[in-house]
Structures are given as structure tokens and as C-alpha cells.
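A.B. asks:
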Amino acid sequence: MIFIGQNNCGKSNIISSLLFFFGTITANSLDYHNNSNEAFVEVTFGNLDDFDINQFKKYLSSDNKICVRKTLNSEGETSYNGYLFSPKADFLKEEAISSISKREEIEKTPLSDLVPTTGRLTKELIKTAQEEYISKNKGIIEFDYSLETSNFLGLKNVAKGIFGEIYFIPAVKNASDEFKTSGTTIFNQLFTQIIYKMSEENEHYKNARSQMESLTQILNKLNDKGEVNNERPTEIKTLEDNLELELKKWNTTIDIEITPPNIDEVLKVNTSVWVDDGKRTDIARKGHGLQRSLIFALIKSWASHLKREKELKEKLEEESESKTATTKRKSSQSTYFFFEEPELYLHPQAQKELYASLKELSVSDYQVILCTHSSSFLDLSDYKSICIVNKSDVTIGSKVRQFTDELFGADEKVNFNLVYWLNPERSELFFANKVILSEGPTDKTVIPQLAKLIGTFKYNYTIIECGGKDSIKLYVKLLNKFKIPYVAVYDKDHQADKDANGRNSADISSKAIEDIIDTTIGKSVILINDIEEELGITDKKDKNKPFIALTAISEPAFAITNDLETKIKEVYN
3 MIFIGQNNCG KSNIISSLLF FFGTITANSL DYHNNSNEAF VEVTFGNLDD FDINQFKKYL
63 SSDNKICVRK TLNSEGETSY NGYLFSPKAD FLKEEAISSI SKREEIEKTP LSDLVPTTGR
123 LTKELIKTAQ EEYISKNKGI IEFDYSLETS NFLGLKNVAK GIFGEIYFIP AVKNASDEFK
183 TSGTTIFNQL FTQIIYKMSE ENEHYKNARS QMESLTQILN KLNDKGEVNN ERPTEIKTLE
243 DNLELELKKW NTTIDIEITP PNIDEVLKVN TSVWVDDGKR TDIARKGHGL QRSLIFALIK
303 SWASHLKREK ELKEKLEEES ESKTATTKRK SSQSTYFFFE EPELYLHPQA QKELYASLKE
363 LSVSDYQVIL CTHSSSFLDL SDYKSICIVN KSDVTIGSKV RQFTDELFGA DEKVNFNLVY
423 WLNPERSELF FANKVILSEG PTDKTVIPQL AKLIGTFKYN YTIIECGGKD SIKLYVKLLN
483 KFKIPYVAVY DKDHQADKDA NGRNSADISS KAIEDIIDTT IGKSVILIND IEEELGITDK
543 KDKNKPFIAL TAISEPAFAI TNDLETKIKE VYN
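In the numbering used here, each number is its position in the sequence shown, counted from 1, plus 2.
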């Protein structure tokens, strides 16, 4: 998922809301909207694995999704509640159990045949009866899909990580913080796994641990069997005797006991990461670009580790023909990576390489969420992952635009991808206040120059070369779905040297564009018959057309016609 939009439109707020939901960050008094006394975030989860389906089966919707709300109340306390299908009939609701716990009350309901005829009716018995009745009569019972009034999963405190692991890389982060061997840093988790593996498999490591334990046993008064240690150094015994002598009037004994250090922690505390790029220094002394690249390299390494671990678990489960490993799991195996402005400090080529890595990460069962100002992190072929955030009115707040259905037919998709491949910079259209769609390179070159000439040029407008007249409608289709304002500039193509069939074909292409334009956000400007003719270029050539047109308007004697000036103003209006 890629969030894009202008500065201060709410992209970071969306990321922060998700991080708050997952428990990665806490809220404060400024997070309440318009001085309200409550704030909440709702998240819908789909593509659940077998464990999640079983774990959250109570909350499954008809399409196997769950929706959970995290609420922040006026006291600053948080709670989780899930949406679930609740029977409309009162006697089937969980909160009604106490009111029908007396036998005379339950006998008024269809549950009377599903509970024991004698003995006390416990909450568990009634709940089991409700579940049995619902299971037997699912086809005739009416349900409401609403927010539960009780706690999510019946837990007052939802454990952090129950929905999966979260990794967040903010816009500005010191790489040395992420490479610490303490806390929840990715490097610490990765290095801990390496140490654990060494402790299990490496003979040198196991011998070192054994020798450390043997050494501490020699230093203590009693060995591991509780027997007196006769090999204890006299220096320690002398120190104990001297202390006891000084404290003789207190009638005490002194025992200096040495606990063997945890060799795993000793190694981690004394571990440093050095980088040699011609000069060997710690990470903090390197440039921000290298620091950020190191963080991303660390994430890729961690993701690879998670993938291997997951594959190993799945293999073990298959071999044992048992779900033991799954049922023991207490939290989801989902993993989410959040990136804030990943393009920072990276040159364009490095941005594209990073985007390719993040995309590869996202197809490996990990969800990648990022916000960006760089078109290098957008791919038109992945338009379903693009979410445009805008805030045109502060009273209304941030709004998002996303389109997740199929946009093109099979043939259109091939043509669109081919056109995009020829000019990948077209992703800029998602950042524009308005998009100018042009047929080819000559229009793209000349139109902005003419706009500058007459003083109507706007930097927040993006001009896109569509690769031909028939490709314009594909971009119009895309812009319609994302509600991005646009103007389609195309040639009428009724040149004097064209016959009736040629003009008819041009009219068909023109009509295809006009028919698809959404007049609430888009319009067309038609050139007669092409940009060269509008400029008064009579000696038309097939080669170097953009250069020839640009040269023509750069001549001191060039004067734009009133008709063309009107059209350029209409384009930039």
C-alpha cells in the first residue's frame, strides 16, 4: 500500500493511526479530533491464514475478513472491540445470559431443550446452548453485523503482536539506533537468532559456555551438587574470613557467590558494527544515504530470515501431519513493514532499486505500507496499491482515493503496460494537481514552452506523453477512477493529404476519447490538425519533430496565433 499526496494532507496521520492500532506508538491529548473525548481506529484484515481464521473465528465476516476497532477514551485508556454477527433474537445474545440464567426464564426460550433438566444453570451451560442452537438454525436466524460491547476475544488487555509483527522506519532515523544489540531493534532480533543457533550447533561456542560454568563453580563455596568445593581459590576464602572477623559481633557468616554470566548477553553487549567504505568507522559517522541503505539492507535480511523460519515451520507441520505448531502459536504470523518517505537521502537510481526490493518483499506474504513524494516508488501497473490522500477542506479533513477493481481488459492491459514501459516517468501523474495528456513527444515538448511564453505555465501540472492518440483513453480511464483532474490534448487529424477513410478513422479515435471523458474532472482541447499545423510549420518532416517545433517557437519572429493561445490557456486553466 502506497500513500501519496501533497504536504500536510494527512499521510503521516494514517501511518500513525495504524501504528497506534498495533500498539507501536501511544496517543496523547493532541490526538483527539476537534476536542472530542474519544478517538478510535478501525482496521479490516483479509487473506487470513488457517491460524488467524481459527483464532478470530468469532469475528469472521461472510467473506472471511475481520474488522477490529481500537478506542482511546477520555481518560487516555485504550480498548479493542471487534465487529461480529450477532443474532437479532435477545435470547441468543451473549449479554442476555444473566437474564435467562433462572430456569423459569430459560424455559420461555427455545434453549430449554438444550440445557440439563436439573441442576444449576451456569453461564457456560447457557453459552453452549446458544452456540448449539445457532449452529443448528443458521439458515433461519437473523443476524446483525455490529460492534461488540464486550472486550475483543474477551480480553481486557490485548497482547501486543496478536495481529502480527510491526516494523516501522520513520523519515528520519539514526542507523546506529537500529543496530543496537538491545531492545526490539531488528539487528538485535536477528543477532539473537544467530547466537541462539550458535549455542545449539557450534562446538566452540558450547565449549566456551561450559568452561565459563566450570570456572564459576570453582569460585563458589558449594559445587552444583551442593557439596563443599575443595578447589576454591584461597583468596576468596580469605576475603570471606576477613569480613566475618570484622562483623564478629553481629554473629554473621559471609558467602561470596559468583553467578555465571549469560554468555549470549555478554557477546551482545560487546558487539559493534563497523562500516568500511575506504575509512573504517561506526555507522553514525557515515552519510545519511548509506545509513538509510544499511537500515533497508537489515530489513531485507530480517525478511529473508522470517521467510526461512516460516517455510521450516510449514515443512515440519506437513511432515508431522499435525497442526500442533499452529495451535501453540499465540499471535498471528502476519508481518507489516511501515516506511515513511523511503526516498530520503537516496539518489534516483537507488530509489528505484529500493522500490524493487520493497515490491519483492511485499509478494513474500509481508505487507509493506509506505508514504512517499517520489514517483520512483510508483508503478502504474500496480495502481491497485496506490492510495491518494488529499485535504481540500480542513473542516472535512483528509480523504483517500483508491481503485482496487480491474481497470483494463486483457488487450488494454497489454497496450497500457507497453506504453508505460516506454516512459516509466508517467507515475508523476499521481502527484499532479492536473494532468495534461498529449499524443506524442512534440506536443509534450512544445505545449509547456508555449504556456511559459504567454505566462500561463504551472509547475503543479504534469504533462504526460501517452504514446499515441488511441492510448489517451487508457489514461483517461485511469484518471477518472482516481478523480485526478485532466485535459486531453489531441489532434483532429484531418490533414489535407488524408483521404476519407483516414479522416473517418481519426474521427473514430476522437470519439473514443470524448465518450470516456468525465466532464466533472476532465475535458479535451483539440488541435487542428496537429501541433505543427497550429504553429504554422508547413515543411513537415518525420524525424526530429520536437526539435524542429521547439526551434520554430524560439525564433524572434515567432508569434503565437490567437486561436492557439486560447487553446493553451484552456489547457492550463
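Glycine included, each C-beta is placed from N, C-alpha and C at the ideal position.
1) Roughly how many angstroms lie between the CA atoms of residue 476 and residue 525, to the nearest whole one?
2) Residue 184: buried (16+ other C-beta within 10 angstroms of its C-beta) or exposed?
3) Assuming residue 346 and residue 294 are in contact, meaning their beta carbons sit under 8 Å apart, how far apart are those beta carbons, in whole angstroms?
4) Let me make sure I understand the geometry here. Which of 252, 334, 349, 309 has the alpha-carbon closest to that of residue 291?
5) For residue 492, report the span of its beta strand (DSSP E) as first-last.
6) Does the stretch 545–555 touch the stretch 529–537, meaning 3 or more C-beta pairs lie closer than 8 Å?
7) Using a Cβ cut-off of 8 Å (strictly closer), state whether residue 461 contacts chain C.
8) Classify residue 478 as helix, strand or coil using the three-state DSSP reduction.
9) Go ahead and pull the three-state DSSP assignment for residue 570.
10) Compare the Cα-Cα distances from residue 237 to each of 230, 227, 222 and report the closest residue.
11) Could you give the DSSP three-state label for residue 407: helix, strand or coil?
12) Is it a yes or a no for the stretch 132–148 touching the stretch 83–97, going by three-plus beta-carbon pairs under 8 Å?
13) Which term fits residue 351, buried or exposed, when burial requires 16 or more other beta carbons within 10 angstroms of its beta carbon?
14) Grouping DSSP H, G and I as helix and E and B as strand, with all else coil, what is residue 344?
15) Residue 180 to residue 280, Cα distance in whole Å?
16) Hey, residue 458 and residue 385: beta-carbon distance below 8 Å or not?
17) Between the C-alpha atoms of residue 445 and residue 465, what's the straight-line distance to the nearest angstrom?
18) Whose C-beta lies closer than 7 Å to the C-beta of residue 88 among residues of the same chain, with five residues either side of it excluded?
19) Can the beta-carbon of residue 382 be found less than 8 Å from the beta-carbon of residue 429?
20) To the nearest angstrom, report how far apart residue 151 and residue 83 are at their CA atoms.
21) What do you get for residue 569, buried or exposed, if any count of 16 or more other CB atoms within 10 angstroms of its CB means buried?
22) Sort 68, 377, 571 by Cα distance to residue 44 and report the nearest one.
23) Can you tell me whether residue 466 is helix, strand or coil according to DSSP?
24) Indicate the three-state DSSP secondary structure (helix, strand or coil) for residue 564 in the structure shown.
25) Could you check the C-alpha separation between residue 509 and residue 174 for me, to the nearest Å?
26) If you run the structure through DSSP and keep just helix, strand and coil, what is residue 441?
27) In three-state terms, what does DSSP make of residue 511?
28) Answer with buried or exposed for residue 48, where buried requires no fewer than 16 other C-beta atoms within 10 angstroms of its C-beta.
29) Excluding the 5 residues preceding and the 5 following residue 25 in the sequence, name in chain order all residues of the same chain whose CB lies nearer than 7 Å to its CB.
30) Count the other CB atoms within 10 Å of the CB of residue 300; is the residue buried (16 or more) or exposed (fewer)?
C.D. replies: By the coordinates alone:
1) 15 Å
2) exposed
3) Residue 346 to residue 294, Cβ: 7 Å. Contact.
4) Selected option, being the one with the closest Cα: 349.
5) Unbroken beta strand (DSSP E) run through residue 492: 488–493.
6) yes
7) This model lacks chain C altogether, as it is built from one protein chain only.
8) helix
9) helix
10) Comparing Cα-Cα distances from residue 237 to each of 230, 227, 222, the minimum goes to 222.
11) coil
12) yes
13) Exposed: under 16 other Cβ atoms inside 10 Å.
14) coil
15) 23 Å
16) no
17) Taking the straight line joining both Cα atoms gives about 9 Å.
18) Non-local beta-carbon contacts of residue 88 in its own chain, meaning distances under 7 Å to residues more than five positions away in sequence, involve 95, 145, 146, 148 in chain order.
19) One thing to note: residue 382 has its Cβ within 8 Å of the Cβ of residue 429.
20) 7 Å
21) buried
22) 68
23) strand
24) helix
25) Distance between the alpha carbons of residue 509 and residue 174 is about 53 Å.
26) coil
27) helix
28) exposed
29) 162
30) buried
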